[in-house]
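What follows is a single structure, written as structure tokens, with notes after it.
Numbering (the UniProt record's numbering), first residue to last: 1 to 397.
What follows is the structure in structure tokens.
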């Protein structure tokens, strides 16, 4: 079939298998061109491995460190003649290129919050890898069923007061104001349960108890802090409470890994276009302005540049970039006063008439479509392609 993008709000309901493969290959090429990460991990588990920062971590581990990788994700495999999700196509492409390089690459498709997937993952590690030396936690989800069977939902709301946010209607390309009512305590608690550190701790405890963590094993979970423009909806909102919970849980994880001479860190990454960030009302406009400023200043980075730099400079660097709270920082270029001041100035000027002139909305839209395999150089989008793609290393329960 000939596959075209069909966008509805912050989601694209189609994905292009050839485009997704080309996008994965571009990220692999970036890593290989920038060299080996000395002292990097050799056996890696990535939770949330199919898109965005999780995919970039798997690519950086495999092609920057020569690591064998096991990826866990929850993606849709299309039925015969039907499209799969972008994450499915990404993972199939990653495995193809990793195996060609002689690396172990297998994947588990299922609910990473569940005990069943934790057991299957541990069994696979014991059978194939023995012990792992890095666990990357990069899960983002709208809901989670906890071990007691209770379903928790996450929400994107401010706390304590209603907030009116500038944003952009990505379908129409017009500037809009959105008012969000404050989250209830139940909504805050649910968001912490879904996006906080509880499941990360459950994973590390399960892996440690099963004796599949190597001496010196590390784990990291990704977070975003942002600056003043985004803080009402992010760091000071319901999602921020979940991210603060990561900061609390990491202290226990660090203590628990001390016996293995291991380490646990929260890693702070810059704002990029991901399926998760696209759903946050303020972020498409903020990202469009941020891209404009950082591209002009020569500091713009996407997922793969951020994560490769995190691995090389901090996770496995001799002088990691740490803040006062012990987090690893890869987001400092975004937070430069000259960047934030320029974005804030544009923020107050942007209108329907000038949004394409003073922002990089076109760049935002292109990056969004790239998530689903569209607008990739060298891909013939008029060609008839087979939507059925298998993940050869898929581990079955």
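Glycine is no exception: its CB is placed at the ideal position from the N, C-alpha and C atoms.
Residue i in three-state terms, based on DSSP
| i | result |
| --- | --- |
| residue 291 | helix |
| residue 299 | coil |
| residue 269 | coil |
| residue 384 | coil |
| residue 188 | helix |
| residue 132 | strand |
| residue 394 | strand |
| residue 405 | It is not possible to answer for residue 405, since the shown part of the chain is limited to 1 through 397. |
| residue 317 | coil |
| residue 389 | coil |
| residue 366 | helix |
| residue 194 | helix |
| residue 182 | coil |
| residue 77 | coil |
| residue 284 | helix |
| residue 304 | helix |
| residue 127 | helix |
Extent of the continuous alpha helix (DSSP H) to which residue i belongs
| i | result |
| --- | --- |
| residue 238 | 238-257 |
| residue 310 | First-last for residue 310: undefined, no H or E at that position. |
| residue 358 | 355-358 |
| residue 346 | 337-347 |
| residue 25 | 17-34 |
| residue 145 | No alpha helix (DSSP H) holds residue 145; the beta strand (DSSP E) holding it covers 143-145. |
| residue 198 | 198-209 |
Pair within 8 Å by beta-carbon distance, residue i and residue j
| i | j | result |
| --- | --- | --- |
| residue 477 | residue 280 | The structure shown does not extend to residue 477, since the chain is modelled only from 1 to 397, so the question has no answer here. |
| residue 268 | residue 225 | yes |
| residue 152 | residue 193 | yes |
| residue 261 | residue 301 | no |
| residue 117 | residue 44 | no |
| residue 122 | residue 206 | yes |
| residue 328 | residue 265 | yes |
| residue 307 | residue 287 | no |
| residue 372 | residue 170 | no |
| residue 3 | residue 120 | no |
| residue 195 | residue 138 | no |
| residue 395 | residue 106 | yes |
| residue 285 | residue 167 | yes |
| residue 399 | residue 40 | Beyond the ends of the chain as shown, which are 1 and 397, falls residue 399; an answer cannot be given. |
| residue 162 | residue 142 | no |
| residue 15 | residue 85 | yes |
| residue 250 | residue 317 | no |
| residue 174 | residue 380 | no |
| residue 23 | residue 75 | no |
| residue 257 | residue 201 | no |
| residue 408 | residue 51 | Absent from the model: residue 408. The displayed extent of the chain is 1 to 397, so no value can be given. |
| residue 20 | residue 369 | no |
| residue 204 | residue 135 | yes |
| residue 27 | residue 56 | yes |
| residue 94 | residue 59 | yes |
| residue 387 | residue 147 | no |
Strand pairing of residue i, partner residues [DSSP]
| i | result |
| --- | --- |
| residue 177 | 166 |
| residue 276 | Answer is none; residue 276 lacks a bridge partner. |
| residue 11 | 8 |
| residue 264 | 219 |
| residue 328 | 267, 322 |
| residue 158 | 237 |
| residue 229 | BP columns for residue 229 are empty, so no partner. |
| residue 137 | 47, 221 |
Start-to-end residues for the beta strand (DSSP E) that takes in residue i
| i | result |
| --- | --- |
| residue 215 | 213-223 |
| residue 153 | 151-153 |
| residue 372 | Looking at the DSSP string, residue 372 is not in any beta strand (DSSP E), and its letter there is neither H nor E. |
| residue 70 | 68-73 |
Next on the checklist: At 3 residues or longer, what runs of the beta strand (DSSP E) sit wholly inside the segment 79-124?
Outcome noted: For the segment 79-124, the continuous beta strand (DSSP E) assignments of 3+ residues that do not extend past its boundaries occur at 105-109, in sequence order.
Next on the checklist: I'd like the ranges of any beta strand (DSSP E) spanning at least 3 consecutive residues and lying wholly in the segment 34-64.
Outcome noted: Whole beta strand (DSSP E) segments, 3+ residues: 43-47.
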